[in-house]
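**Student:** full-length UniProt numbering puts the sequence shown at residues 1 to 436.
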Amino acid sequence: MTLGFGEGGNPSVGVRGSSPTAGSAAHTVKSGSSFHEMWRELLPVGRDADSGGYRRYAWTGPDAECRAWFKEQAEGRGLAYEVDRNGNQWAWLGDPAAGDAVVTGSHLDSVPDGGAFDGPLGVVSSFAALDELLRRGARFTKPLAIVNFGDEEGARFGLACVGSRLTSGALTVADAHRLTDGDGVSLPRAMAAAGYDPEAIGPDPERLAKIGAFVELHVEQGRALDLSGDRVGIASAIWPHGRWRFDFRGEANHAGTTRLADRHDPMLSYAETVLAARREAELAGAVATFGKIAVDPNGVNAIPSRVRGWLDSRAADQETLDTVVGGIEKAAREYADAHGVDLDVVRESFTPVVEFDHALRDELGRILGRDTGLTVPVLGTGAGHDAGILSGSIPTAMLFVRNPTGVSHSPAESAAEDDCVAGVDALADVLEGLAC
Ligand SMILES: [Zn+2]
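(1) Around the Cβ of residue 254, are there at least 16 other Cβ atoms within 10 angstroms (buried) or fewer (exposed)?
(2) For residue 241, count the other beta carbons within 10 Å of its own beta carbon; 16 or more makes it buried, fewer makes it exposed. Which is it?
(3) What residues does ligand 1 have around it, judged by CB closer than 5 Å to any heavy atom, in chain order?
(4) Once the 5 residues before and after residue 24 are set aside, which same chain residues still bring their CB inside 7 Å of it?
(5) Quick test of your reading: residue 210 and residue 395, contact by CB under 8 Å. State the CB separation rounded to the nearest angstrom.
(6) Touching or not, the region 139-152 and the region 412-425, by the rule of three or more beta carbon pairs under 8 Å?
(7) Could you round the C-beta distance between residue 130 and residue 247 to whole angstroms and report it? I think they count as a contact, below 8 Å.
(8) Roughly how many angstroms lie between the CA atoms of residue 147 and residue 362, to the nearest whole one?
(9) Of all the beta strand (DSSP E) runs that stay within the bounds of the region 291-350, which reach a length of 3 or more residues?
(10) For residue 68, which three-state DSSP category applies?
(11) Quick check on DSSP: helix, strand or coil for residue 286?
(12) Going by the DSSP bridge assignment, what does residue 233 pair with across the sheet?
(13) So what's residue 416 in DSSP terms, helix, strand or just coil?
(14) Please identify the residue among 270, 159, 293 and 195 whose C-alpha is closest to the C-alpha of residue 182.
(15) Identify the residues that DSSP records as bridge partners of residue 355: which are they?
(16) Go to residue 173, then tell me how far its alpha helix (DSSP H) extends in each direction, as first and last residue.
(17) Out of 252, 283 and 311, state which residue places its alpha-carbon closest to the alpha-carbon of residue 290.
(18) Note down, in chain order, each residue of its chain lying with its Cβ closer than 8 Å to the Cβ of residue 163, except the 5 sequence neighbours on either side.
(19) Less than 9 Å between the beta carbons of residue 82 and residue 69, yes or no?
(20) Out of 243, 318 and 261, point me to the one whose CA is closest to residue 288's CA.
(21) Measuring alpha carbon to alpha carbon, tell me which of 72, 406, 381 and 144 ends up nearest residue 100.
(22) Could you say which of 56, 33, 34 and 35 lies nearest to residue 44 if we only look at CA atoms?
(23) Looking at the secondary structure, which residues open and close the alpha helix (DSSP H) in which residue 152 lies?
(24) Thinking C-alpha only, which one of 393, 67, 335 and 345 is nearest residue 275?
(25) Output the distance between the C-alpha atoms of residue 176 and residue 190, rounded to the nearest integer angstrom.
(26) Can you tell me where the alpha helix (DSSP H) with residue 167 in it begins and where it stops?
(27) Would residue 33 be called buried (16 or more neighbouring beta carbons within 10 Å of its own) or exposed?
(28) If you measure between the beta carbons of residue 219 and residue 374, is that distance less than 9 Å?
(29) Quick one: is residue 73 buried, meaning 16 or more other Cβ sit within 10 Å of its Cβ, or exposed?
(30) Under 8 Å: do the region 338-352 and the region 293-304 share three or more Cβ pairs, one atom per stretch?
(31) Name the two residues that bound the continuous alpha helix (DSSP H) containing residue 37.
(32) So that I know if they touch, is there some Cβ in chain D lying closer than 9 Å to that of residue 432?
(33) Please report the residue range of the alpha helix (DSSP H) in which residue 127 lies.
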């Protein structure tokens, strides 16, 4: 059974009747129980009734509801709650000033019509793992924190991981101030409207210096664990990825009176390029997607003057990615030439490969294999995460929980109840191994 969809926001996950209040009573209930309780509470927040997907965009009403929930969870457990200068929420057990803190968490915002698991699974599992450790009577030798990073998905302002980018300095204050949403509302204005001080944003090296390790649990956005038959895996690296804009410029003309032979139709070159992208990606074992397009003049009875398509491509390593994108661009130029169409290719963004800290990764492998003697699968991912952004500043690691279909960024995103609980237990083991 899967949690989260088709159950009217009331999944039957077995704790009905025991109903521990958020926090205090959760410590005494069985492993996994506090997870179900929290999951049920968050489930309706920001869910669109028609699509069934989530619309939890940064600094909007649903985001505020998620953040209020986080604060409630922190305070209900007697954790020290704080919001940092960039709007990220923290819940501390122990004194952060002691240093070498172990931090876990993820994000609560969503892409447009996103699924229930991307982000929230990590935050809810973090609180549930802490409950599990307290149930086990764990004695912490290091401070422990749970974090909710703001604006991870970039759904509103077009840039992902704003909270962690600001904290690490990967996003400058000036660039952050220039971000605007689709309605022309700037990031500072949106933050101010939500009750935060946009003048305070900026790098937070003092905070990062107190952290010894950050572990983010996340639903897998792919099928590697489903194919290997494992509930939980450890991340090796985030694939290098980038976005390229292909501008095909031809000649607008009448769709009824222009002979086929006389046309300079950029749509044809674009369409052939889409097929080339698929071919190049298949050959290289990479991925390449044209998911966004803008057509001028965009009239049903007009040959377009310009077709602008955005390519997103990712591969396991830099060389493969270069080969794929180079191959697509070469093909695109040939198609453009054949149709008498001009082509410009602009790289709009690029993120190099992110290797998670090898020592921390190996430590996670040892901790998780300790009782079973089994090797936990280590896998790469094509998706970006706060853990990836922070890996340049502090040792970071990720745990993935099996996703039976691999579907993500969609209302159909899912994970089985038992797998979620296995994720909580794995995270509890990891936190115990690192912080106790
Ligand atoms: Zn995520």
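Ideal Cβ placement from N, Cα and C applies to all residues, glycine included.
**Tutor:** Result, derived from the coordinates:
(1) exposed
(2) buried
(3) 118 and 119
(4) For residue 24, the predicted structure reports a pLDDT of 36, less than 50, and the residue's modelled location is therefore unreliable. A value from the coordinates is still provided. Result list for residue 24: 76, in chain order.
(5) About 13 Å; that fails the 8 Å criterion.
(6) no
(7) Not confirmed; about 50 Å, so no contact.
(8) 23 Å
(9) 306-314
(10) helix
(11) coil
(12) 400
(13) strand
(14) 159
(15) 237
(16) 173-178
(17) 311
(18) 86, 87, 88, 107, 149, 150, 151, 152 and 386
(19) no
(20) 243
(21) 144
(22) 56
(23) No alpha helix (DSSP H) holds residue 152; DSSP gives it neither H nor E.
(24) 335
(25) 12 Å
(26) 162-168
(27) buried
(28) no
(29) buried
(30) no
(31) 33-42
(32) The displayed structure is made up of one protein chain only, and chain D is not part of it.
(33) 120-136
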